[in-house]
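Taking it in order: structure first as structure tokens, then the write-up.
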């Protein structure tokens, strides 16, 4: 499947069309889960595990489930599941026929029971918060990232039903935000939004970093404190849908891979716990020689030295495998480019980063001295 997207990048306003190719890695030979201090294990070494079976729970309530079926092997703080290709799975008894029949307490309880994690915070804690408004930021807010675009277009009505459910059950206004360059999704929503009169649909012209939650809150929802806005992205919304509609955890997720090609990118649907190196080897098979690897936002300059040491989790959204460049930091030349481009108006040259910093990486990107300005602790 190839999806055409038009993107505008803030730093040069250069409009480009990209081919985004979808690939899958849903049958890994093995998956891994790391056991951390304070984790509670619900399995033993040698147990046979089914897809959707609870493996462990962290101290803060985040739960991890088997994403393939097979025999468990626990050693040196790692739980491995050896895939037997049976697709044997647990089916939840919590599935519901109609989201309109679900109560607020049911939503919270189902998300709580599944221990759903979202950017290192439990979704249930967000739902329990003092929320005054629901904002679904369904945009891919980081440059060259297309996970939300694919997931949204594959689940348009399901996600709209979920927004509608949350708005009614929590008695808060709901907003759905898409970028005008998400052509397919904007058209899909416009075709059905008339049946969802309670959802405020907004098409945003701004691009990164002005489509991030922090900037959206400042520009569009000034009457609320940031902590009063229930921000959810497409993936978090999809997790809630799966929990409420099917009573099940999500077992796979999209990851964008960019090789530095000007008109091409990849979106890979992979199982949680899959080795990232195996994912890329079996879908793209890129030669890593003379290439640098960056995780999530390449402008932040967070290099990864060994993809084979990483597994698919919520924290890995995109991987950039770019031709190696010799980058040697030099002394600041006081050009002021970092100050001029900062979207929140702070001085990245300060000895300590201001608390308002949103870590977008634009200051790093424009710095002619190649200084990593956001690498310091706040």
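Numbering (the working numbering), first residue to last: 39 to 416. Note that CB positions come from ideal geometry on N, CA and C, so glycine has one too.
Fully enclosed beta strand (DSSP E) runs of no fewer than 3 residues occupy 171 to 175, 211 to 217, 237 to 242 of the segment 158 to 246, in order along the chain.
Beta-bridge analysis with DSSP links residue 333 to 357. Non-local beta-carbon contacts of residue 101 in its own chain, meaning distances under 7 Å to residues more than five positions away in sequence, involve 92, 95, 152, 153 in chain order.
Straight through space, the alpha carbons of residue 294 and residue 334 are spaced by roughly 9 Å.
Put simply, of 369, 373, 396 the residue whose alpha carbon is nearest the alpha carbon of residue 380 is 396.
Looking only at 213, 117, 167, 310, the smallest Cα-Cα distance to residue 146 is reached by 167. A residue is called buried once 16 or more other Cβ atoms fall within 10 Å of its Cβ, and residue 288 is buried on that count. For the options 364, 297, 352, 212, the alpha carbon positioned closest to that of residue 290 is the one of 352. Counting only the Cα atoms, residue 207 lies some 23 Å from residue 251. Excluding the 5 residues flanking it on each side, residue 249 has same chain C-beta neighbours closer than 7 Å at 177, 179, 217, 242, in chain order.
Taken through DSSP and simplified to helix, strand or coil, residue 135 comes out as coil. In this structure, residue 182 and residue 356 form a Cβ contact; the two beta carbons are roughly 7 Å apart against a cut-off of 8 Å.
Taking the C-beta atoms as reference points, residue 271 is found nearer than 8 Å to residue 186. Under DSSP, residue 268 forms a beta bridge with 172.
Looking at 117, 61, 99, 83, the one whose alpha-carbon comes closest to that of residue 349 is 117.
Counting C-beta pairs with one atom in each stretch, the segment 403 to 410 and the segment 365 to 374 have three or more that are closer than 8 Å, which means they touch. Runs of the alpha helix (DSSP H) lying entirely within the segment 94 to 124, each at least 4 residues long, are absent.
Excluding sequence positions up to five before and after residue 190, its CB lies within less than 6 Å of the CB of 176, 223, 272, all in the same chain and listed in chain order.
Membership of residue 151 in any beta strand (DSSP E) is not indicated; the residue belongs instead to the alpha helix (DSSP H) covering 142 to 152. For the segment 252 to 299, the full-length alpha helix (DSSP H) segments reaching 4 residues or more read 272 to 279 along the chain. Within the same chain, Cβ atoms closer than 6 Å to the Cβ of residue 302 are found at 57, the five residues on either side in sequence being excluded. By alpha-carbon distance to residue 162, the top candidate from 268, 346, 386 is 268. Residue 156 sits away from residue 255, with the two beta carbons spaced by 8 Å or more. In this structure the segment 59 to 70 touches the segment 305 to 325; the number of beta carbon pairs closer than 8 Å is three or more.
DSSP places residue 338 in the helix class (H, G or I) of the three-state scheme.
Residue 227 is positioned such that its CB atom lies closer than 8 Å to that of residue 239. When the Cα atoms are used, residue 265 and residue 393 turn out to be separated by approximately 15 Å. A straight line joining the alpha-carbon of residue 375 with that of residue 399 spans about 13 Å.
Ranked by how close their Cα comes to the Cα of residue 87, the residues 123, 113, 115 have 123 in first place. CA-CA distance, residue 343 to residue 377, rounds to 30 Å. Within a 10 Å sphere around the beta-carbon of residue 74 sit fewer than 16 other beta-carbons, which makes this residue exposed.
Listed in chain order, the non-local C-beta contacts of residue 262 below 8 Å within the same chain comprise 170, 171, 255, local neighbours out to five positions each way being set aside. Its Cα nearest to that of residue 200, the residue 234 stands out among 406, 307, 234, 184. Counting the other CB atoms within 10 Å of its CB gives residue 401 a total of 16 or more, which places it among the buried residues. A check of alpha carbon separations from residue 215 across 312, 159, 259 identifies 259 as the nearest. DSSP places residue 402 in the uninterrupted alpha helix (DSSP H) bounded by 400 to 404.
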